[in-house]
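Student: Residue 538 is where the sequence shown ends in the numbering used here, and the numbering goes up by one at each step. Glycine is no exception: its CB is placed at the ideal position from the N, C-alpha and C atoms. Dropping the structure in here first, questions after.
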Amino acid sequence: MKLAVIEPKSVSFAAGVVAAFGAFFGLFIGTSQGSGLIGVLGGAILMGGLAFLAVTFMRDQEKTAKWGILALFVIVGALLSGIPGAVLGALLGYFFGHIIFWVASGRYRTAVPPYATPGQVLWHYAFRTIAGAILVFLITPILVVMPLSFNAENFFTFTPEMLSFDPAGYSLRHYRDFFTNSDWQQALWNSVRIAPMATLLSVGFGTLAAIGLSQPHVPFRQTIMAILISPMIVPLIISAAGMYFFYSRIGLQGTYLGVVLAHAALGIPFVIITVTATLVGFDRSLVRAAANMGANPVTTFFRIQMPLILPGVISGGLFAFITSFDEVVVVLFVGSAGQKTLPWQMFIGLREQISPTILAVATILVVVSICLLTTVELLRRRSERMRGITPS
């Protein structure tokens, strides 16, 4: 098979690829203006034509052409939408300035094996483009909430002052309302009371279940595992309705204990899965050696097993905590007004009174979740190092 050589590509090839990217971005811009089809066609034509001109006349002046494209996008964006348009134009100009000459010069081949066929090269970048688009769709709603939480007005939209980056359009009033309003503080206190207790129960029962189910002599292991992780699979509304009818029969409906037990049941599957994954690389000869030295099962667990599986236990506990802290459906069924949690208060704020304080609370929850997930990732890497696996 002939090896691929990094060499300049034709003008038509570069213009076609850039036109595809232009159509992709044009879809979003056109949709925001009321016509996605016009956005696709306009983006493809404009970006394809820009790539054609840049490669035809300035192939040997790449740096100058990039700065020119960047300046062009900034000027057009500023004329159309002011400062926000200039910022968006700068980002798009930087992207298209690099993508045009990256494709035209053939440098895109350096990221794939030299023997890769054109189809394999296409799939290599198409897969990454699709993954990036999915990431953008998932992250964009979260990113939009954050600046809106600093809105000086009681609106859920960007005001003209915010779009023009006027300091008068930004304020911490919604954060002050969250920290001074008695309803929000009571909801926060309930969440802080319920989530840690549910996490402790989830970690305790989930860890013991994972260790027990990892033993090869346990009968019906797969069936028991399926039952224990079913709260993660069954629709939450079904679990909540079942808990309501069961708890109302035994007197737990509307109590703190009932909410804690319900959240613990939702968190146990996360602990079981993470601890089970950690136990996959566990050397059971260590347990047998401890038993030969006279250690009882309890001592063996705390002195031998727990230090090695601790990253998985903590990771599962963090997931259980996030699940309990963010859960709203189950607490609506099994809780009462006295157990109104933070997500419940946010739900009320959306249904009964449109309170922009919800945006501030959502931003705080996002920051907390990011910190917890970062901790989970660090623990995962530590667990891999302890088991002799080098993180990628």
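1. Please report how far the alpha carbon of glycine 185 lies from the alpha carbon of valine 522, in whole angstroms.
2. Could you give the first and the last residue of the continuous alpha helix (DSSP H) run that contains phenylalanine 311?
3. For asparagine 297, list the residues DSSP reports as bridge partners.
4. Considering only the beta carbon of each residue, do alanine 190 and alanine 169 sit closer than 8 Å?
5. Between Leu347, Ile504, Gln399 and Met204, which lies nearest to leucine 488 when the distance is taken from Cα to Cα?
6. Within the chosen definition, does the segment 316–331 reach the segment 381–391 through at least 3 CB pairs nearer than 8 Å?
7. Quick one: any contact between the segment 270–283 and the segment 465–476, if contact means 3 or more CB pairs under 8 Å?
8. Taking the alpha helix (DSSP H) that phenylalanine 448 belongs to, which residues open and close that run?
9. Within the segment 381–416, note down every full alpha helix (DSSP H) run reaching 4 residues or more, in order along the chain.
10. Indicate whether the contact test is met: 3 or more Cβ pairs, each with one atom in the segment 242–251 and one in the segment 197–212, closer than 8 Å.
11. In chain order, what residues of the same chain lie with their CB nearer than 6 Å to the CB of leucine 294, ignoring the 5 residues before and after it?
12. Got a sec: does the ligand SAH put a non-hydrogen atom nearer than 7 Å to the Cβ of aspartate 206?
13. Taking the alpha carbon of isoleucine 494 as the point to measure from, which residue in Val477, Thr509 and Phe416 has its own alpha carbon closest?
14. Can you list, in chain order, the residues of its chain with a C-beta nearer than 7 Å to that of isoleucine 229? Leave out the 5 residues immediately preceding and following it.
15. From asparagine 336 to phenylalanine 479, what distance separates their C-alpha atoms?
16. With a Cβ-Cβ cutoff of 8 Å, do alanine 298 and alanine 314 count as a contact?
17. Out of curiosity, what's the CA-to-CA distance linking alanine 411 and phenylalanine 324?
18. With 16 other CB atoms within 10 Å as the buried threshold, where does valine 163 fall?
19. Classify aspartate 323 as helix, strand or coil using the three-state DSSP reduction.
20. Between phenylalanine 467 and threonine 286, is the Cβ-Cβ spacing less than 8 Å?
21. For the alpha helix (DSSP H) containing serine 376, list its first residue and its last residue.
22. Between the beta-carbon of valine 220 and the beta-carbon of alanine 236, is there less than 8 Å?
23. Helix, strand or coil for methionine 147 per DSSP?
24. Identify, in the order they occur along the chain, each residue of the same chain with its Cβ nearer than 7 Å to the Cβ of glycine 252, setting aside the five sequence neighbours on each side.
25. I need the boundaries of the alpha helix (DSSP H) containing methionine 204, first residue and last residue.
26. Glycine 440 to isoleucine 357, Cα distance in whole Å?
27. Leaving out five residues before and five after valine 291 in sequence, what residues of the same chain have Cβ atoms less than 8 Å from its Cβ?
28. Mapping the DSSP letters down to three states, classify valine 258 as helix, strand or coil.
29. Can you give me the Cβ contacts of alanine 408 inside the same chain, cut-off strictly under 7 Å, excluding the 5 residues immediately before and after it?
30. Use the C-beta contact count for leucine 289: other C-beta atoms within 10 angstroms, 16 or more gives buried, fewer gives exposed.
31. Alpha carbon to alpha carbon, what distance is there between serine 158 and threonine 520?
32. Quick check on the DSSP output: the alpha helix (DSSP H) that includes glutamate 473 runs from which residue to which?
33. Compare the beta carbon distance of isoleucine 375 and isoleucine 419 with 8 Å and say whether it is the shorter of the two.
34. Within 10 angstroms of its Cβ, does isoleucine 215 collect 16 or more other Cβ (buried), or is it exposed?
35. Out of curiosity, what's the CA-to-CA distance linking serine 538 and leucine 226?
Tutor: So, from the listed chains and residues:
1. In this structure, the straight-line span from the alpha carbon of glycine 185 to that of valine 522 is close to 41 Å.
2. For phenylalanine 311, no alpha helix (DSSP H) segment is defined, and its DSSP state is neither H nor E.
3. Beta-bridge pairing links asparagine 297 to Tyr316.
4. Going by C-beta atoms, alanine 190 is nearer than 8 Å to alanine 169.
5. Just measuring C-alpha positions, the residue of Leu347, Ile504, Gln399 and Met204 sitting nearest leucine 488 is Ile504.
6. Not touching, per the Cβ criterion.
7. With the rule of 3 Cβ pairs closer than 8 Å, the segment 270–283 does not count as touching the segment 465–476.
8. That residue, phenylalanine 448, is in no alpha helix (DSSP H); it is neither H nor E in DSSP.
9. Entirely contained in the segment 381–416, the alpha helix (DSSP H) runs reaching 4 residues are, in chain order, 382–396.
10. Between the segment 242–251 and the segment 197–212 there are three or more inter-stretch CB-CB distances shorter than 8 Å, so the stretches are counted as touching.
11. Counting only Cβ-Cβ distances below 6 Å, and skipping sequence neighbours, we find Leu505.
12. The ligand SAH is not among the ligands present in this structure, which contains no ligands whatsoever.
13. Comparing C-alpha distances from isoleucine 494 to each of Val477, Thr509 and Phe416 shows the shortest one belongs to Val477.
14. If you ignore the 5 residues before and after isoleucine 229, its C-beta comes within less than 7 Å of the C-beta of Ser310 and Phe311, all in its own chain and listed in chain order.
15. Distance between the alpha carbons of asparagine 336 and phenylalanine 479: 16 Å.
16. Alanine 314 sits close to alanine 298, with the two beta carbons spaced by under 8 Å.
17. Their backbone Cα atoms lie some 30 Å apart in a straight line.
18. Buried, because 16 or more other Cβ atoms sit within 10 Å of the Cβ of valine 163.
19. When DSSP states are grouped into helix, strand and coil, aspartate 323 belongs to the helix group.
20. Contact check for phenylalanine 467 against threonine 286 fails: the beta carbons are separated by 8 Å or more.
21. Note, serine 376: alpha helix (DSSP H), 376–379.
22. A contact, by the Cβ cut-off of 8 Å.
23. At methionine 147 the pLDDT is 43, less than 50, meaning the model places this residue with poor confidence and gives no usable figure here.
24. If we look at glycine 252 and ignore the five residues flanking it on each side, its Cβ neighbours are Ile152, Glu153, Pro154 and Lys155.
25. Per DSSP, the unbroken alpha helix (DSSP H) holding methionine 204 starts and ends at 182–204.
26. The C-alpha of isoleucine 357 is placed about 21 Å away from the C-alpha of glycine 440.
27. Counting only Cβ-Cβ distances below 8 Å, and skipping sequence neighbours, we find Leu505, Ala508, Thr509 and Val512.
28. Here valine 258 carries a coil assignment [DSSP, helix/strand/coil].
29. Cβ neighbours of alanine 408 beyond the five flanking positions: Met389, Val476 and Val480.
30. The residue in question, leucine 289, is exposed, as its Cβ has fewer than 16 Cβ neighbours within 10 Å.
31. Looking at the two C-alpha atoms, the distance is approximately 45 Å.
32. It is not in any alpha helix (DSSP H) - glutamate 473 carries neither H nor E in the DSSP assignment.
33. Isoleucine 419 is positioned such that its CB atom lies closer than 8 Å to that of isoleucine 375.
34. With 16 or more other Cβ atoms within 10 Å, it is buried.
35. Residue confidence is low: serine 538 scores 47 on pLDDT, short of 50, so the model does not pin down where it sits. Its coordinate-derived value is still stated next. Distance from the CA atom of serine 538 to the CA atom of leucine 226, rounded to whole angstroms, is 44 Å.
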